[in-house]
Structure formats: C-alpha cells, structure tokens
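Okay, so here's the structure we're looking at.
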C-alpha cells in the first residue's frame, strides 16, 4: 500500500503526456505494453468468443484497438471510460490499481456504489438489484468479500478493498 505522499511523488515523476486516439510514438508503445500486460486488449470475434492478442498490438499507433483497451482498463479501475489517457490513468497503470478513490461506506449513494454492487454481483457476493444505495445488503456483501480475499472485515471500501475489487473480471468470453 502506498501513501498519499508517495502517490503525489510518483505522479510528479511520471510526467506522461495525455494520449488519445491519433497519438503516436514511443510513449504510445509504452502505454500499449502496459495495457497488454494487464490483459486489456480484448478482441471480440463476432461469434461470442474473445481473442487476446500478443505483442503485435504494441505498434506505437493509438488506434481503435488501443482506445478499446484503454476503456477496458479504465473500467477495471473504476474510472470514466472515455479512452483518453491522462494523469490518473497513467498512475493507475503504473500502480496496477485504482487511484484517488473515495472511501465508500454504509449510507453512500450513487453511480460508484452501483459499480461496486455490480462487481460484487459478478463475484457472487451480491444478489440484489443494482440501485446505487450502500445499505445493509451492500455492507454485508462487502464484508463477505473482504473476508474471502483476506482483508480486515469492516464493510468500508478503502484503498485495499478497491484494489481487490479491481481484480474481479468484468470481461466475459465463451
């Protein structure tokens, strides 16, 4: 686990440019290599199957495949899936985890709570309507999840729980 000060230092040291579709060069290759290492490049073949490409996607051209991979990664780390690689995406790529996340606990409401409920449902811990209300059912599911992954059980979603939630696979292929 890193500290807030460490995250600020790492961010200042990164000094990576904002990248988006149309960007080119070595920094795009670096991005593509990181995305590849996280399994974010997924190509649906139109028959319900997925193909996970190899190093051929590391070509230095930020095209449609890279945009799609960025969106997959952004979704995995609970960021807006806009396909643009800014500071927060870079920090998540280098940390391998969500960054700058709020602490969620009972009483919280909103889209982020709904995303947590969805992850917990995918993993089999939450079997209710995804309504975005962090109530008793969500708290119980978070506690069950925390216990299963070896975290302190408090029902609060903070840095370590966010990290474990980000590991839940949201890509489904047959």
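Numbering (my numbering), first residue to last: 54 to 227. Here a beta-carbon is modelled for each residue, glycine too, at the ideal position from N, C-alpha and C.
Item checked: Reduced DSSP category for residue 162 - H, G, I as helix; E, B as strand; rest coil -> Taking the first residue of the chain shown as position 1, residue 162 is located at position 109. Looking at residue 162 - three-state DSSP - the assignment turns out to be strand.
Check: Does DSSP classify residue 221 as helix, strand or coil?
Finding: To locate residue 221, count along the chain shown from 1; it is residue 168. The answer is coil: DSSP assigns residue 221 none of H, G, I, E or B.
Checklist line | Beta-carbon proximity list for residue 180, same chain, < 8 Å, skipping 5 on both sides | finding: Start at 1 with the first residue of the chain shown, and residue 180 comes out as number 127. Same-chain partners within the cutoff: 174.
Item checked: Contact between the segment 132 to 151 and the segment 105 to 114 (3+ Cβ pairs under 8 Å) -> A contact is defined here as three or more CB-CB pairs under 8 Å, and the segment 132 to 151 fails this definition with respect to the segment 105 to 114.
Next item on the list: Could you give the DSSP three-state label for residue 96: helix, strand or coil?
Entry: For the purposes of this step, residue 96 is taken as residue 43 along the chain shown, with counting starting at 1. Residue state, collapsed to three classes: strand.
Note to self: Rounding to the nearest angstrom, what Cα-Cα distance links residue 108 and residue 219 in this structure?
What the structure shows: Numbered from 1 along the chain shown, position 55 holds the residue referred to as residue 108. Numbered from 1 along the chain shown, position 166 holds the residue referred to as residue 219. So the alpha carbons of these two residues sit roughly 24 Å apart.
Note to self: Please return the same chain residues whose Cβ sits closer than 7 Å to the Cβ of residue 161, not counting the five positions on each side in sequence.
What the structure shows: For the purposes of this step, residue 161 is taken as the residue at position 108 of the chain shown. So the list reads 187, once near-sequence residues are dropped.
Check: Could you give the C-beta distance for residue 208 and residue 200, rounded to a whole number, given that I count them as a contact under 8 Å?
Finding: Taking the chain shown and counting its residues from 1, one reaches residue 208 at position 155. Taking the chain shown and counting its residues from 1, one reaches residue 200 at position 147. So it is not a contact: roughly 10 Å between Cβ atoms.
Item checked: Test item: CB-CB of residue 152 and residue 126 under 9 Å -> In the chain shown, residue 152 corresponds to position 99, counting from 1. In the chain shown, residue 126 corresponds to position 73, counting from 1. Contact flag unset, no.
Note to self: For a test of the three-state rule: what should DSSP assign to residue 36, helix, strand or coil?
What the structure shows: Residue 36 lies beyond the stretch modelled for the chain, which goes from 54 to 227, so this question has no answer here.
Note to self: For residue 199, report the span of its alpha helix (DSSP H) as first-last.
What the structure shows: As a first step, residue 199 is located in the chain shown; it is residue number 146 there, counting from the start. Segment 189 to 201, the alpha helix (DSSP H) holding residue 199.
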